[in-house]
Amino acid sequence: MARILVIDDDLNLLQMVRLMLERVGHEVETSHKGIEGIERATRNPPDLAIIDIMMPGLNGYDVVRRLREHPVTARVPILILTARSQLMDKQTALDAGANAFLSKPVSAQQLIERVEAVLQAGVDYRVHTGLLTEPIRPADAAGRAAERAHPPAEADLIGAIAPRKNVIAVVSLRGGAGGTTLAVNLAMWEAQRGRRVSLIDLSPVGGHIPLHLHLATPQHWGALLGMRSAPDPAAVLPLLTVHPQSQVTVLGAPPAPTVDRLSPPVVQAIVRALATHSARVVIDLPVLDAASAAALPLAGTVIVVLSDDACSVQTVQRLLGVLPALGVARERIGVVLCHVRPTAEIPVETIRKTLKQPLIAEIPYQVEQIAAIRRGVPLVIAEPNGAYAQAVSHLAQLFEQV
Amino acid sequence: MTGQIRQPCVSGEFLTRTYRISGDVNVRTEPLLDQLNDHLALFVHLERVFVSPLLDPAALTGNFHTAEVRKDSLGLVVLNKLEDGLPYRQGRYIGRDHIDRPVAAVVAGFEVRGVIRLHPSVNVSELIRTTPEHFVPIFNADATLTARREIVFHGGAILLNRNQLEVFALLDE
Chain A
-8 MARILVIDDD LNLLQMVRLM LERVGHEVET SHKGIEGIER ATRNPPDLAI IDIMMPGLNG
52 YDVVRRLREH PVTARVPILI LTARSQLMDK QTALDAGANA FLSKPVSAQQ LIERVEAVLQ
112 AGVDYRVHTG LLTEPIRPAD AAGRAAERAH PPAEADLIGA IAPRKNVIAV VSLRGGAGGT
172 TLAVNLAMWE AQRGRRVSLI DLSPVGGHIP LHLHLATPQH WGALLGMRSA PDPAAVLPLL
232 TVHPQSQVTV LGAPPAPTVD RLSPPVVQAI VRALATHSAR VVIDLPVLDA ASAAALPLAG
292 TVIVVLSDDA CSVQTVQRLL GVLPALGVAR ERIGVVLCHV RPTAEIPVET IRKTLKQPLI
352 AEIPYQVEQI AAIRRGVPLV IAEPNGAYAQ AVSHLAQLFE QV
Chain B
105 MTGQIRQPCV SGEFLTRTYR ISGDVNVRTE PLLDQLNDHL ALFVHLERVF VSPLLDPAAL
165 TGNFHTAEVR KDSLGLVVLN KLEDGLPYRQ GRYIGRDHID RPVAAVVAGF EVRGVIRLHP
225 SVNVSELIRT TPEHFVPIFN ADATLTARRE IVFHGGAILL NRNQLEVFAL LDE
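Chains as they are written, first to last, in the working numbering: chain A, -8 to 393; chain B, 105 to 277.
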C-alpha cells in the first residue's frame, strides 16, 4: 500500500482517481490547487504524486519543477495525468522532472498498472507506454537545470531535430527479419556509386555489422557512453572504421552487450555529424530504446523491416502505431518485406491487409544470403545481378527520387 | 474543497492560425461534431480553457474558466479518441461496409494526413465540395504545422474546417 497525492482541479477526476486507487488498497490524498498540493507534499511527502497539467494558477509543469527543487519532495516519483496528450506535452513534462505520463481519459486498469510501475521503478526511472522503464541519469537532472538557466537558441533547436534527407534508419525489432542485412547492403549499393557513406550500428547487444563485413571495429560508440551533452563532431569522426573494399565508414557498436545507452543528445549529435560528413547515412536500429528514439526524428526515411512470419507482422503493426508519437511523420515511413526463408509463412496480401499500409519493397530470399554473411561480402557486391541485389537497387533508387 | 461536478465532456485541441486552445466541451446533449456543424450557432462554448501560442504549443500562457470560441476561426480540432469525433448519426462514418481512404489536406497552416471512413458508394471529392457541413472528421490523423514541421498534433479524430480548407486530396486515386 502506498500513500498517493493527487493534484487536479477537476473534482470529477479527483473522485474517480481516489476510488480507483483506494479499491486496490492505496491511501489517497487529494488537492485541487497546485500551490496547496505542494504544501501538502512538503509537509508530508507522499510515495507518489499524480499531477494534472492544466490547472489555473500554478500549472502542472510548475508544480513538478517546484517539487523537484524542494529537498523534501525532490525524490517523490511523479505521474502526469492530463488531457493535453500531444508529444510536445509529454516531452515538456518529462523535461520538468516527471517520471511517467498518462493521457485522460484513463481506465482504472491503465491507471493502476502505471501507478504500480512507477512505484516499483522509483524516482530514478521513467516509465513509458507499455510500462517500458528507462533510467534517468543523475546528469540528466543537472543538465535540465543548466538548460533552464541557459536555454539553447530556438533556431538551434529547430535545426537540431529537423529530419535529414540523406539519413535512412532501418528499423527491425524482430531478430532474423533481415534488417541488418538490408542496412549493410543499402550502404554498399550507395558506396558502389562512388558516394561517401556512413553506416551506424546502434545495436546495444553487440552489433552484427562487423560480422557482415568481416570488419573489426576497435573504436565504437561505447566511448561516448556516460556523456549527457552533445559531443563535438570532431570527437565522433575518430570512432569510425573504414571498410577497405567499399570505403564505407562504420560506427560500430560495443562488441559486448551493454545495459548503458547513449543519451539522446549524443545520438543526435552523432547522426548530425555523420550527415554532414557523408552523402548518405544508414542507421541499423534493431531495438527501440531512448537512444533509437532520439535518432528516428533525424531520419529523412525510416524503413521498417519485417519478415513473413506472424510475430514479425505483429511487431511491425504495433511499431507503426508508435512511430508517429516518436516524431516520425507517416510520409517518412516505408515498410519493406524481407523473405528470409525459401517459403513464405504468410501471403503478402494478408500482410498488406493486416498492416493497412503499402509495402514499398519486397526483398526476395536468395540462397546465397547465408554464404554472403559467412564470407563477409554483402550480396550487392558478391551477386550484383542476383534477385536480392536487384531488389535492394530498386529500393535505394526510391530514396534518390526523394 | 470547492467547485462543481461537471457534465460529460470531451477534451480537444482547438487550433486557429495563431493559438492552440485546449478545452472541454459539454457533450451531454449533442456530440461535438454536431455542435460545430450547427449553422445557427456562431460560437462553441468551452470549459477549462488553456491557451498556448501555436509556435510554443507546450507553454501555458492563459487560462479561463469558460470561453466562447468563434467556430469559423478554427482551422481544425484535434481529439484523442476517434469516437469523440463522430456525429450523433454515426452511420455516415462508421459501418460494417465502410472503408478507410487515405487523405491529405492543407488547412489553416497545417498539413493533415489521415483516413476518411465512408461507405464505398460515397464520392469523397463530391462530398467535400458539396456537403452543407462545415467540419469533416479525418481519423487516425497527424497535423503538421507547415511553418514548424517539428510541431505535430496526433488525434484519433481531427475535424477539418472546410471553410479554411486550401487543398484536399485522396491519396489512393
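By construction, the Cβ of each residue, glycine as well, lies at the ideal position given by its N, Cα and C atoms.
Over the uninterrupted beta strand (DSSP E) stretch that includes S163 (chain A), give me the two end residues.
Stepping through the first sequence from its first residue, residue 163 (chain A) is reached at position 172. That residue, S163 (chain A), is in no beta strand (DSSP E); it is neither H nor E in DSSP.
Going by Cα to Cα distance, which pick from A:L193, A:P235, A:V97 is closest to L287 (chain A)?
The count along the first sequence starts at 1 and reaches residue 287 (chain A) at position 296. That would be A:L193, whose Cα lies nearest to the Cα of L287 (chain A).
Alpha-carbon to alpha-carbon, A261 (chain B) and V207 (chain B):
Numbered from its first residue, the second sequence carries residue 207 (chain B) at position 103. Numbered from its first residue, the second sequence carries residue 261 (chain B) at position 157. Using only the alpha carbons, I get a separation of about 13 Å.
Is L164 (chain B) close to chain A, meaning its C-beta is less than 8 Å from at least one C-beta of that chain?
Counting from 1 along the second sequence, the entry for residue 164 (chain B) is found at position 60. Yes, because at least one Cβ of chain A sits closer than 8 Å to the Cβ of L164 (chain B).
Return helix, strand or coil for Y52 (chain A), following the three-state DSSP convention.
Position 61 of the first sequence, counted from the start, is the residue given in the question as residue 52 (chain A). In the structure shown, Y52 (chain A) sits in a helix (DSSP, three-state: H, G or I).
Which same chain residues, not among the five before or five after A247 (chain A), have their C-beta less than 7 Å away from its C-beta?
For the purposes of this step, residue 247 (chain A) is taken as the residue at position 256 of the first sequence. Leaving aside the five residues that flank A247 (chain A) on each side, the residues in its chain whose CB is nearer than 7 Å to its CB run, in chain order, G197.
Which two residues bound the contiguous alpha helix (DSSP H) that contains E322 (chain A)?
Here residue 322 (chain A) refers to the residue found at position 331 when the first sequence is read from its first residue. Taken as a continuous stretch (DSSP letters only), E322 (chain A) belongs to no alpha helix (DSSP H), as it is neither H nor E.
Where L39 (chain A) sits in the DSSP three-state scheme:
Taking the first sequence and counting its residues from 1, one reaches residue 39 (chain A) at position 48. DSSP places L39 (chain A) in strand when its eight states are reduced to three.
Going along chain B, which residues have a C-beta under 9 Å from A40 (chain A)?
Within the first sequence, residue 40 (chain A) is the residue found at index 49, counting from 1. Going along chain B, no residue has its Cβ under 9 Å from A40 (chain A), so there is no contact; the nearest lies around 18 Å.
Between the segment 148 to 164 of chain B and the segment 118 to 129 of chain B, are three or more C-beta pairs nearer than 8 Å?
yes
What would DSSP say about N184 (chain B), mapped onto helix, strand or coil?
For the purposes of this step, residue 184 (chain B) is taken as residue 80 along the second sequence, with counting starting at 1. Three-state result, N184 (chain B): coil.
What alpha helix (DSSP H) runs, 4 residues minimum, are completely inside the segment 154 to 231 of chain A?
170 to 183, 200 to 204, 224 to 227
With the cut-off set at 8 Å, would you say A273 (chain B) and F257 (chain B) are in Cβ contact?
Position 169 of the second sequence holds residue 273 (chain B). Position 153 of the second sequence holds residue 257 (chain B). No, Cβ-Cβ distance for A273 (chain B) and F257 (chain B) is not below 8 Å.
Just to confirm before moving on: does the CB-CB distance between E18 (chain A) and M46 (chain A) stay below 8 Å?
Here residue 18 (chain A) is taken as the residue at index 27 of the first sequence, counted from 1. Here residue 46 (chain A) is taken as the residue at index 55 of the first sequence, counted from 1. Going by C-beta atoms, E18 (chain A) is not nearer than 8 Å to M46 (chain A).
Express the C-alpha separation of A316 (chain A) and P195 (chain A) in angstroms, rounding to a whole number.
Counted from its first residue, the first sequence places residue 195 (chain A) at position 204. Counted from its first residue, the first sequence places residue 316 (chain A) at position 325. Going by C-alpha positions, P195 (chain A) is about 23 Å away from A316 (chain A).
Going along the chain, which residues of the segment 72 to 83 of chain A sit with their C-beta nearer than 8 Å to a C-beta in chain B?
If you check each beta-carbon in the segment 72 to 83 of chain A against every beta-carbon of chain B, the ones closer than 8 Å belong to A74, R75, S76, Q77, L78, M79, D80, Q82, T83.
Quick check on I220 (chain B) - is its C-beta less than 8 Å from some C-beta in chain A?
The count along the second sequence starts at 1 and reaches residue 220 (chain B) at position 116. False, the Cβ-Cβ gap to chain A never drops below 8 Å.
Of all the options A:L173, A:V15, A:V273, which has the alpha carbon lying nearest to the alpha carbon of Y356 (chain A)?
The count along the first sequence starts at 1 and reaches residue 356 (chain A) at position 365. Checked all of A:L173, A:V15, A:V273; the closest Cα to Y356 (chain A) is A:L173.
Buried or exposed for I255 (chain B), please, with buried defined as at least 16 other CB atoms from any protein chain shown within 10 angstroms of its CB.
Along the second sequence, one-based indexing puts residue 255 (chain B) at 151. Taking all protein chains shown into account, I255 (chain B) has 16 or more neighbouring C-beta atoms within 10 Å of its C-beta and is therefore buried.
Would you list, in sequence order, the uninterrupted beta strand (DSSP E) runs of no fewer than 3 residues that lie entirely inside the segment 237 to 295 of chain A?
240 to 242, 271 to 276
Cβ pair count under 8 Å reaching 3, the segment 71 to 86 of chain A against the segment 27 to 34 of chain A
no
Exposed unless 16 or more other CB atoms sit within 10 angstroms - verdict on P277 (chain A):
Locating residue 277 (chain A) in the first sequence gives position 286, where the first residue counts as 1. With 16 or more other Cβ atoms within 10 Å, it is buried.
Could you name the residues of chain B that M45 (chain A) contacts, counting a contact when the two beta carbons are closer than 8 Å?
If you number the first sequence from 1, residue 45 (chain A) lands on position 54. Neighbours of M45 (chain A) on chain B, chain order: S126, R152, F154, L164, N167.
Which residues in chain B have a C-beta closer than 8 Å to the C-beta of E322 (chain A)? List them in chain order.
The residue given as residue 322 (chain A) occupies position 331 in the first sequence. Listed along chain B are R217, each with a C-beta nearer than 8 Å to that of E322 (chain A).
Find the residues of chain B that neighbour G318 (chain A), judging by a C-beta separation of less than 9 Å, and give them in chain order.
Indexing the first sequence from 1 puts residue 318 (chain A) at position 327. Ordered by position in chain B, the residues that pass the 9 Å Cβ test against G318 (chain A) are E254, V256.
Quick one: what does DSSP say Y123 (chain B) is sitting in, helix, strand or coil?
In the second sequence, the residue the question calls residue 123 (chain B) occupies position 19. Here Y123 (chain B) sits in strand by DSSP.
So, is the C-beta of P315 (chain A) closer than 8 Å to a C-beta in chain B?
Counting from one through the first sequence, the residue named residue 315 (chain A) turns up at place 324. Answer yes: the Cβ-Cβ gap between P315 (chain A) and chain B drops below 8 Å somewhere.
Between N141 (chain B) and F243 (chain B), which are expected to be in contact by the criterion C-beta below 8 Å, what is the C-beta distance as a whole number of angstroms?
Stepping through the second sequence from its first residue, residue 141 (chain B) is reached at position 37. Stepping through the second sequence from its first residue, residue 243 (chain B) is reached at position 139. Actually they do not touch by this definition, with Cβ atoms about 17 Å apart.
Per-residue burial, I361 (chain A) [other beta carbons within 10 Å of its own, 16 or more giving buried]
Residue mapping note: residue 361 (chain A) aligns to position 370 of the first sequence, counting from 1. I361 (chain A) should be labelled exposed.
Tell me whether P135 (chain B) is buried or exposed, calling it buried when 16 or more other Cβ atoms sit within 10 Å of its Cβ.
Walking along the second sequence from the start, residue 135 (chain B) turns up at place 31. Burial call: buried.
C-alpha distance - S269 (chain A) paired with T292 (chain A), whole-angstrom precision:
On the first sequence, residue 269 (chain A) is found 278 positions in, with the first residue counted as 1. On the first sequence, residue 292 (chain A) is found 301 positions in, with the first residue counted as 1. Whole-angstrom Cα-Cα distance: 16 Å.
Identify whether L190 (chain B) lies in helix, strand or coil by the three-state DSSP scheme.
Residue mapping note: residue 190 (chain B) aligns to position 86 of the second sequence, counting from 1. In this structure, L190 (chain B) counts as coil in the three-state DSSP scheme.
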